[in-house]
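Working notes for the structure below.
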Amino acid sequence: MRELKYEFSEIEKKWQAKWLEVKPFAASNQSDKPKFYGLIEFPYPSGEGLHVGHPRPFTAMDIICRKRRMQGYNVLFPIGYDAFGLPTENYAIKNHIHPKIVTHRNIARFRSQLQMLGYSFDWDREIDTTAPDYYKWTQWIFLQLYQKGLAYKATMPVNWCTSCKCVLANEEAVNGVCERCGAPVVRKEKSQWMLKITEYAQRLIDDLDDVDYIERVKIQQRNWIGRSTGAEVNFDTTAGDKLRIYTTRPDTLFGATYMVMSPEHEYLRRWADKLDNWDEVAAYMDAAARKSDFERSELNKEKTGVELKGVRAVNPVNQKEIPIFISDYVLASYGTGAIMAVPAHDTRDWEFATKFRLPIIEVVKGGAKSVQEEAFTDCETGVMTNSEFLNGLSVEDAKSAIVKYMEEQGLGESKVNYKLRDWVFSRQRYWGEPIPMVFCDTCGWVPVPEEQLPVLLPDVESYEPTDTGESPLSKMTDWVATTCPHCGGHARRETDTMPQWAGSSWYFLRYMDPDNGEALASKEALAYWSPVDWYNGGMEHTTLHLLYSRFWHKFLYDIGVVPTKEPYHKRTSHGMILGEGGEKMSKSRGNVVNPNDIVEQYGADTMRLHIMFIGDFEKAVSWSNEAVKGSKRFLDRVWNLGESCADSLEQTPANEAGIHKTIKKVTADIEELKFNTAIAAMMGLVNDFYANGCTKGDMKPLLLLLSPFAPHIAEELWELLGFAASEGAMACRQGWPVYDEGKTVEQEVTLAVQVGGKLKATVTVPMDSEQDTVVAAAMTDAKVAKLSEGMELVKIILVKNKLVNLIFKPKA
RNA sequence: GCCGGUGUGAUGGAAUUGGUAGACGUAGUGGACUCAAAAUCCACCGCUGUGAAAGGCGUGCCGGUUCGAGUCCGGCCACCGGCACCA
Numbered sequence: 000m001r002e003l004k005y006e007f008s009e010i011e012k013k014w015q016a017k018w019l020e021v022k023p024f025a026a027s028n029q030s031d032k033p034k035f036y037g038l039i040e041f042p043y044p045s046g047e048g049l050h051v052g053h054p055r056p057f058t059a060m061d062i063i064c065r066k067r068r069m070q071g072y073n074v075l076f077p078i079g080y081d082a083f084g085l086p087t088e089n090y091a092i093k094n095h096i097h098p099k100i101v102t103h104r105n106i107a108r109f110r111s112q113l114q115m116l117g118y119s120f121d122w123d124r125e126i127d128t129t130a131p132d133y134y135k136w137t138q139w140i141f142l143q144l145y146q147k148g149l150a151y152k153a154t155m156p157v158n159w160c161t162s163c164k165c166v167l168a169n170e171e172a173v174n175g176v177c178e179r180c181g182a183p184v185v186r187k188e189k190s191q192w193m194l195k196i197t198e199y200a201q202r203l204i205d206d207l208d209d210v211d212y213i214e215r216v217k218i219q220q221r222n223w224i225g226r227s228t229g230a231e232v233n234f235d236t237t238a239g240d241k242l243r244i245y246t247t248r249p250d251t252l253f254g255a256t257y258m259v260m261s262p263e264h265e266y267l268r269r270w271a272d273k274l275d276n277w278d279e280v281a282a283y284m285d286a287a288a289r290k291s292d293f294e295r296s297e298l299n300k301e302k303t304g305v306e307l308k309g310v311r312a313v314n315p316v317n318q319k320e321i322p323i324f325i326s327d328y329v330l331a332s333y334g335t336g337a338i339m340a341v342p343a344h345d346t347r348d349w350e351f352a353t354k355f356r357l358p359i360i361e362v363v364k365g366g367a368k369s370v371q372e373e374a375f376t377d378c379e380t381g382v383m384t385n386s387e388f389l390n391g392l393s394v395e396d397a398k399s400a401i402v403k404y405m406e407e408q409g410l411g412e413s414k415v416n417y418k419l420r421d422w423v424f425s426r427q428r429y430w431g432e433p434i435p436m437v438f439c440d441t442c443g444w445v446p447v448p449e450e451q452l453p454v455l456l457p458d459v460e461s462y463e464p465t466d467t468g469e470s471p472l473s474k475m476t477d478w479v480a481t482t483c484p485h486c487g488g489h490a491r492r493e494t495d496t497m498p499q500w501a502g503s504s505w506y507f508l509r510y511m512d513p514d515n516g517e518a519l520a521s522k523e524a525l526a527y528w529s530p531v532d533w534y535n536g537g538m539e540h541t542t543l544h545l546l547y548s549r550f551w552h553k554f555l556y557d558i559g560v561v562p563t564k565e566p567y568h569k570r571t572s573h574g575m576i577l578g579e580g581g582e583k584m585s586k587s588r589g590n591v592v593n594p595n596d597i598v599e600q601y602g603a604d605t606m607r608l609h610i611m612f613i614g615d616f617e618k619a620v621s622w623s624n625e626a627v628k629g630s631k632r633f634l635d636r637v638w639n640l641g642e643s644c645a646d647s648l649e650q651t652p653a654n655e656a657g658i659h660k661t662i663k664k665v666t667a668d669i670e671e672l673k674f675n676t677a678i679a680a681m682m683g684l685v686n687d688f689y690a691n692g693c694t695k696g697d698m699k700p701l702l703l704l705l706s707p708f709a710p711h712i713a714e715e716l717w718e719l720l721g722f723a724a725s726e727g728a729m730a731c732r733q734g735w736p737v738y739d740e741g742k743t744v745e746q747e748v749t750l751a752v753q754v755g756g757k758l759k760a761t762v763t764v765p766m767d768s769e770q771d772t773v774v775a776a777a778m779t780d781a782k783v784a785k786l787s788e789g790m791e792l793v794k795i796i797l798v799k800n801k802l803v804n805l806i807f808k809p810k811a
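Under numbering that gives the first Met the number 0, the first residue of the first sequence is numbered 0, with each subsequent residue one higher.
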């Protein structure tokens, strides 16, 4: 008997100190072993510290990486901090502390919390996006984008958060409110740096075919990019200009009974003197401009619009004259900003036509109701009608036929459109990377020369955003005033900073070679580690960080900086941790669980184990303080086995099959993110050990299987049972246990016996018994025998080692 | 409206992908140990039924395929997430 209590607190401190000292998790940039790069989304170091949302994905990847090391891989599992951002800045404003100081404090806190949980990060590769030698390279990438024409300045209506006093990306404005603070978002004309992500739209779709992302991520990205194929068609107008429209249904061209332009369309002002009702039109344009996006979409149940009196369009295929309207249901920013309206086959056009009593002409037949009652929008079943040479064709055939005709006649051509918009890249805030551009009155925008990077973020007196919509940096006149790198004349620095997403768009590259002063990472390091083998992160980043970083990576690939087209080979995602009632955790509900409390009460191993045991990793689960005890109890039971097991290094025969089965299950389950059932299997094995008795030989594989999940207790018992002494190393440096398929099967199996498909009995027979043996054994069962009286056995279905189903019928 | 996902005991969740539904855990019940409690160990634990059995019912609802359906097909309902006047 080894009599030592499971003092988790001391044990965990001991091993954490040892890992920091011995560095068993340091990755090497040169190795004969196969490489594995496991990545988690680096945290934003908020003032609140780690919350329970963090340990779930972190522990999962830690388990995978610990297992990979034991399987003989050279593993890179790094950590860093995505530390630029608004919460830190807002805290700094409120408390008059420099954001730099706040950030350092928060990072220190995060670091100690992450170490407290025993993660096997390579701490020598820690990065911080706010460090000048890091953001130097963020700025460098921006300069490359600028040089290739992918960064440009444009004045355009942008999403403006009224509370943050800052521009938001499309992706950050959710339902008319700011994703971060919830304040209303309004439209504002501003001159902004933009990144041409749209240039990569098709490749961002196509290359999804070559990566191993979970399907819902691929689907969500494809939907977000929103590719559609259709045609652009020119309509003559009585004003003389050709009005160009985009449609995905060129087949319905004969059904176009009017046209609609967006209120922002450039022709409108040009046509002012031709319009009899210009006052009315101008009033509508004004009203539309004043509406926020939210008002334009959400509140717009009823369609509104104004007819242009004095200008009409001509349908190019039948020369019919049709009216033109303006309406805010047509968006200026998509397609050409104008549409042909086919009310018979588009619900929005139908609503508008009904309200304005415009003709509805059926050109596709097959709808359940008349098109006067309901638009028929189905493309699969319809047949063309009222469309001259298209009549009788299917919708698909009609599309190709009309496009071919239009291209021959010079009326229009096929066209692909995307919903994806260019990325608004400027923020009027302090705590971000300065955009390395200078404006010279004579030369215009001039990039800061690479050798002058980084453009350091200067210290300012106040971080308050200005009401004029300019960055706090604009008040730093000394810093703003500079000389033009081109002509040497007076120039002003760009005072906007980059968005939060900049630093995180390439951070995984920096981990490969974090101290490089010459490049964002060396060619060798990039060649060795690229791509990230497995990246796990939240679904909320699918159309933000994940898309942005794929875009940057493709660009870096194009200019020869990185060796792979895609940054991440595999992408998985975890579900959220909800509060006890299945509700979102929030301060206001008071159901927030602090990992520190759990670690203090039960230990880091219990915390890790429980967060993985709690339910399906990919789905949302609710936290239960009560249930944590079960995981702690399991570790106590393992500890007690370690104290009481027999000294023999032989395995107990009764445990053998269970051990091999468990190795098989845990090995496979980790790969499939089924941590909960892996843990259940280990619990089952421990229950067997209690029932059958156990030896050191039985404990050995159990401890190795447990070590990625609960590394501290595993190391301690490994040492205590003498394995470390006799084999000279920590558990984390052992080989991953292997199973013998032959030993996973039992000698005897219990089969279900069904009669007519209903379970009536079970019978135990030797493994792999043939049908005759099984049936004979089944018939010895009293219940089965009784059911077979006076019956004839007409059919036997045998599923080997599982079940036998006997079908009887009355004897004739 | 469109695109994903989910629905299983008191409860968190399992189920080798068509083969013994409820593994593993929590809560609960009974017992052992203890002066006692906690902890620990052992047993029971879907509903109904009975003295105990037998039997019947049971994976959101209705129908279908099959020797056999939580799993497949058709039609609904509810909840969660994403997108949303993108022509």
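Every residue gets a Cβ at the ideal spot worked out from N, C-alpha and C, and that includes glycine.
Contact check, residue i vs residue j, beta carbons under 9 Å
i, j, result
"tryptophan 533", "methionine 60", "yes"
"leucine 49", "asparagine 595", "yes"
"glycine 816", "valine 362", "This structure cannot speak to residue 816, because the chain is shown only from 0 to 811."
"proline 322", "leucine 274", "no"
"tyrosine 245", "isoleucine 325", "no"
"leucine 546", "tryptophan 192", "no"
"valine 423", "leucine 702", "no"
"cysteine 693", "leucine 640", "yes"
"serine 386", "valine 402", "no"
"tyrosine 199", "phenylalanine 550", "yes"
"proline 56", "asparagine 535", "yes"
"glycine 468", "lysine 290", "no"
"proline 249", "alanine 230", "yes"
"lysine 618", "glycine 581", "no"
"asparagine 28", "aspartate 512", "yes"
"glutamate 745", "alanine 656", "yes"
Residues of its chain near residue i, where Cβ-Cβ distance is below 6 Å and the 5 sequence neighbours each way are ignored
i, result
"proline 457", "Met475 and Trp478"
"phenylalanine 7", "Gly602"
"valine 329", "Val259, Ser261 and Ile338"
"asparagine 800", "Val748"
"serine 227", "Thr247 and Asn416"
"glutamate 714", "Trp14, Met729 and Ala730"
"proline 707", "Ile62, Arg65 and Lys66"
Burial state of residue i (16 or more Cβ within 10 Å)
i, result
"alanine 340", "buried"
"asparagine 89", "buried"
"valine 21", "exposed"
"tyrosine 689", "exposed"
"leucine 410", "buried"
"valine 793", "exposed"
Beta-carbon proximity list for residue i, same chain, < 8 Å, skipping 5 on both sides
i, result
"aspartate 211", "His568, Lys569 and Arg570"
"isoleucine 662", "Pro700, Leu704, Pro736, Val737 and Tyr738"
"leucine 19", "Gln114 and Trp122"
"proline 54", "Leu116, Pro594, Met606, Arg607 and Ile610"
"threonine 236", "Leu242, Val310, Arg311, Ala312, Val313 and Ile323"
Cβ neighbours of residue i in the same chain (closer than 7 Å, five flanking residues each side left out)
i, result
"proline 435", "Gln138, Phe141, Leu142, Pro446, Val447, Leu452 and Val454"
"tyrosine 72", "Lys32, Pro33, Lys34 and Phe35"
"histidine 485", "Cys439, Cys442 and Val445"
"methionine 0", "The predicted position of methionine 0 is uncertain, since its pLDDT is 45 and thus under 50; a value taken from the coordinates is nonetheless stated next. Around methionine 0: Glu642 and Ser643."
"threonine 761", "Thr749, Leu750, Ala751 and Val752"
TODO: Count the C-beta pairs between the region 342-353 and the region 364-377 that are closer than 8 Å, then say yes if the count reaches three, no if not.
DONE: yes
Open item on the list: Threshold first: 3 residues or longer. Then list the beta strand (DSSP E) segments lying entirely within the region 387-436, N to C.
Closed with: 411-416
Task: At least three beta-carbon pairs within less than 8 Å, the region 176-185 to the region 146-162 - done: yes
Open item on the list: Whether or not the region 795-807 and the region 753-762 are in contact is what I'm after, with contact meaning three or more pairs of Cβ atoms, one per stretch, closer than 8 Å; do they touch?
Closed with: yes
TODO: Mind the definition here: the region 66-81 touches the region 113-129 only if three or more C-beta pairs lie below 8 Å; say whether that holds.
DONE: yes
- [ ] Counting only runs of 4+ residues fully inside the region 195-266, write out the alpha helix (DSSP H) ranges in chain order.
- [x] 200-205 and 214-224
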